[in-house]
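Student:
Numbering (UniProt numbering), first residue to last: 1 to 471.
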């Protein structure tokens with residue numbers, strides 16, 4: 001039996017952030033990891049998807065060149081094999097870099113390859129080895145959800161874990177689930193010439209809950225692929241053609257070559273045998289843990305990253321890994337680290353930004369809300385050919401503080417950051433209207449939306465409230 005002060009289970013984003021801190025303080029630790037290295041983001045998530053989107057958006061631009069007097073774009077063509085090779089080259093660069101700069105630099109004995117399971121309150125079994133650790137950090141990540149019946153599709157069914165291994169582009173693709181990953185990849189494949197049929201059981205895309213933005217997103221995305229919202233999909237192999245999958249949506253039946261299942265990800269907890277550590281699980285198989293300390297119950301065990309299913313986003317996993325390791329050192333005197341404002345982005349076109357409270361959450365809080373559509377007046381968006389989509393903003397009717405925002409617009413990633421910072425700093429609508437807005441920029445759409453929101457909050461004032469405030 002090996003005895004150590006700290007054990008980290010999982011070399012994902014959360015685990016690697018914890019590792020970075022621990023190894024600066026002590027050599028009395030082990031990292032345990034089963035499966036491929038490189039983090040979900042670098043290997044099968046954020047980075048390879050952005051490489052595919054980058055290629056797709058370049059090709060899409062050929063459709064908008066003629067209007068600027070630039071001709072010949074119609075002669076461009078896609079080499080599917082080269083596109084996927086490009087995606088994998090960047091994927092390997094990112095994931096290889098993560099491994100080379102972290103786990104590959106560990107000293108002999110500090111890394112144990114294999115899958116850990118608890119065999120006691122502070123004991124882990126990895127293969128034939130038992131590790132006893134005083135403090136344990138769980139960062140085992142997540143796995144794509146695949147309904148049992150779908151497994152009958154065999155290699156015709158792909159998830160984000162396999163899609164980037166395609167040697168070339170399929171001709172026809174069904175995307176089931178239009179969360180962030182499904183929407184991003186569905187649109188990217190469609191722009192590269194793939195016939196895409198996209199189905200989402202809920203009436204939403206990429207987490208939007210603003211009715212006006214959902215309707216706008218459906219209208220825009222339906223121009224690039226077949227979109228079915230609020231409907232379930234039935235999948236089966238074509239009995240008359242083993243190379244096809246039949247997708248049934250309502251009364252329609254559509255033949256496709258491959259299916260991308262994008263139904264979210266499930267925490268990798270089942271194999272850990274948490275009850276052996278004295279940890280109770282709820283009906284979903286999840287332990288009880290504190291969102292600000294990352295501590296499970298009152299034990300010297302902490303859970304961080306996708307495995308806790310709270311906000312499966314890289315920057316959140318990094319923050320949770322740091323909170324977990326600091327409290328592992330401080331245990332039993334753990335400290336709460338307040339959560340940052342929610343910030344999520346889908347790199348579709350237009351992009352989707354989710355900041356702070358959602359529309360649905362803000363409505364329950366009695367928020368005052370406005371939705372401003374870009375086609376109305378934003379000159380920069382018109383010049384860019386991006387005069388589509390809009391912004392929904394929600395504010396507290398009593399304090400005038402911004403509660404949250406949902407964006408469907410070009411470069412939402414940038415405006416989303418500014419809004420997240422403003423919400424975290426508890427700035428009011430009137431505070432934000434005192435900030436400078438350059439012309440012509442997309443941020444002027446925010447200024448217009450803020451003016452409308454200010455007028456609803458204080459209807460006795462004019463929309464030019466910032467002028468009044470300076471007097």
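Backbone N, C-alpha and C define an ideal beta-carbon position, used for all residues, glycine too. Please read these numbers as outputs of a predicted model, since none were measured by experiment.
Return the residue from the list 79, 202, 174 and 275 that minimises the CA-CA distance to residue 297.
Tutor: For residue 297, the nearest C-alpha among the options comes from 275.
Student: What is the rounded straight-line gap between the Cα of residue 118 and the Cα of residue 281?
Tutor: Approximately 14 Å between the Cα atoms of the pair.
Student: Rounded to the nearest angstrom, what separates residue 288 and residue 139 at their Cα positions?
Tutor: So the alpha carbons of these two residues sit roughly 15 Å apart.
Student: Could you please give me the residues that DSSP links to residue 259 through a beta bridge?
Tutor: In DSSP, residue 259 forms a bridge with 157 and 174.
Student: Going residue by residue through the segment 70-124, where are the continuous alpha helix (DSSP H) segments of at least 4 residues, counting only ones entirely within it?
Tutor: Taking only runs of at least 4 residues, the alpha helix (DSSP H) segments lying wholly in the segment 70-124 are 80-101.
Student: Given this structure, state the Cα-to-Cα distance separating residue 101 from residue 53, to the nearest angstrom.
Tutor: Their Cα atoms are separated by approximately 27 Å.
Student: Does DSSP put residue 27 in a helix, in a strand, or in coil?
Tutor: Coil.
Student: Nearest to residue 50 by CA position, among 285, 373, 91 and 14, is which residue?
Tutor: Checking every option, the nearest Cα to that of residue 50 belongs to 91.
Student: Nearest by alpha-carbon distance to residue 120: which of 133, 87 and 141 is it?
Tutor: Selected option, being the one with the closest Cα: 133.
Student: State the Cα-Cα distance for the pair residue 195 and residue 222, rounded to the nearest angstrom.
Tutor: Roughly 12 Å separates the two Cα atoms.
Student: Contact between the segment 330-339 and the segment 11-28 is defined here as three or more beta-carbon pairs at a separation below 8 Å; is this criterion met?
Tutor: No, the segment 330-339 is not in contact with the segment 11-28.
Student: With a floor of 4 residues, list each alpha helix (DSSP H) that falls wholly inside the segment 304-364, ordered by position along the chain.
Tutor: Runs found: 314-330 and 359-364.
Student: Looking at C-alpha atoms only, which residue of 455, 352 and 379 is the closest neighbour of residue 439?
Tutor: Minimum Cα distance to residue 439 is reached at 379.
Student: Using 9 Å as the threshold, is the C-beta distance between residue 354 and residue 278 below it?
Tutor: The answer is no: Cβ separation not under 9 Å.
Student: Look at the Cβ atom of residue 411, then the Cβ atom of residue 442, and state whether they are nearer than 9 Å.
Tutor: It is a contact, given that the beta carbons lie within the stated cut-off.
Student: Return the first residue and the last residue of the beta strand (DSSP E) that residue 369 is part of.
Tutor: Note, residue 369: beta strand (DSSP E), 368-373.
Student: Looking at C-alpha atoms only, which residue of 362, 432 and 5 is the closest neighbour of residue 122?
Tutor: Nearest option by C-alpha distance: 5.
Student: Out of 448, 99, 107 and 87, state which residue places its alpha-carbon closest to the alpha-carbon of residue 28.
Tutor: Selected option, being the one with the closest Cα: 107.
Student: What would DSSP say about residue 194, mapped onto helix, strand or coil?
Tutor: Looking at residue 194 - three-state DSSP - the assignment turns out to be coil, as it is neither helix nor strand.
Student: So, are the CB atoms of residue 224 and residue 191 less than 9 Å apart?
Tutor: Contact flag set, yes.
Student: Going by C-alpha to C-alpha distance, which of 373, 325, 403 and 349 sits closest to residue 362?
Tutor: For residue 362, the nearest C-alpha among the options comes from 403.
Student: Taking residue 449 as the reference, which of 30, 389, 147 and 413 has the closest Cα?
Tutor: Among 30, 389, 147 and 413, the Cα nearest to that of residue 449 belongs to 389.
Student: Can you list, in chain order, the residues of its chain whose CB lies under 7 Å from that of residue 43, leaving out five sequence neighbours each side?
Tutor: Taken in chain order, the residues that qualify are 36, 91 and 95.
Student: Where does residue 437 sit, in a helix, a strand or coil, going by DSSP?
Tutor: Of the three classes helix, strand and coil, the one that applies to residue 437 here is coil, per DSSP.
Student: Among the candidates 145, 368, 437 and 168, whose CA atom is the shortest distance from the CA of residue 453?
Tutor: Selected option, being the one with the closest Cα: 368.
Student: Residue range of the alpha helix (DSSP H) that residue 214 falls in?
Tutor: Unbroken alpha helix (DSSP H) run through residue 214: 211-221.
Student: Do residue 111 and residue 32 have their C-beta atoms within less than 9 Å of each other?
Tutor: It is a contact, given that the beta carbons lie within the stated cut-off.
Student: Report the residue from 168, 201 and 48 whose alpha carbon sits nearest the alpha carbon of residue 248.
Tutor: Out of 168, 201 and 48, 201 has the C-alpha closest to the C-alpha of residue 248.
Student: Per DSSP, what are the beta-bridge partners of residue 135 in this structure?
Tutor: Note: residue 135 sits in a beta bridge opposite 6.
Student: Counting pairs of beta carbons, one from the segment 124-132 and one from the segment 53-62, are three or more of them closer than 8 Å?
Tutor: The segment 124-132 is not in contact with the segment 53-62.
Student: Can you have a look at residue 352 and say buried or exposed, based on whether 16 or more other CB atoms are within 10 angstroms of its CB?
Tutor: When all chains shown are included, residue 352 counts as buried.
Student: Kindly give me the distance between the Cβ atoms of residue 236 and residue 175, rounded to whole angstroms, as I take these residues to be in contact under 8 Å.
Tutor: Actually they do not touch by this definition, with Cβ atoms about 17 Å apart.
Student: Compare the Cα-Cα distances from residue 180 to each of 418, 211, 386 and 46 and report the closest residue.
Tutor: Among 418, 211, 386 and 46, the Cα nearest to that of residue 180 belongs to 46.
Student: Tell me the residue span of the beta strand (DSSP E) that contains residue 142.
Tutor: Taken as a continuous stretch (DSSP letters only), the beta strand (DSSP E) holding residue 142 covers 142-144.
Student: Are there 16 or more other CB atoms within 10 angstroms of the CB of residue 89, so buried, or fewer, so exposed?
Tutor: So residue 89 ends up on the exposed side.
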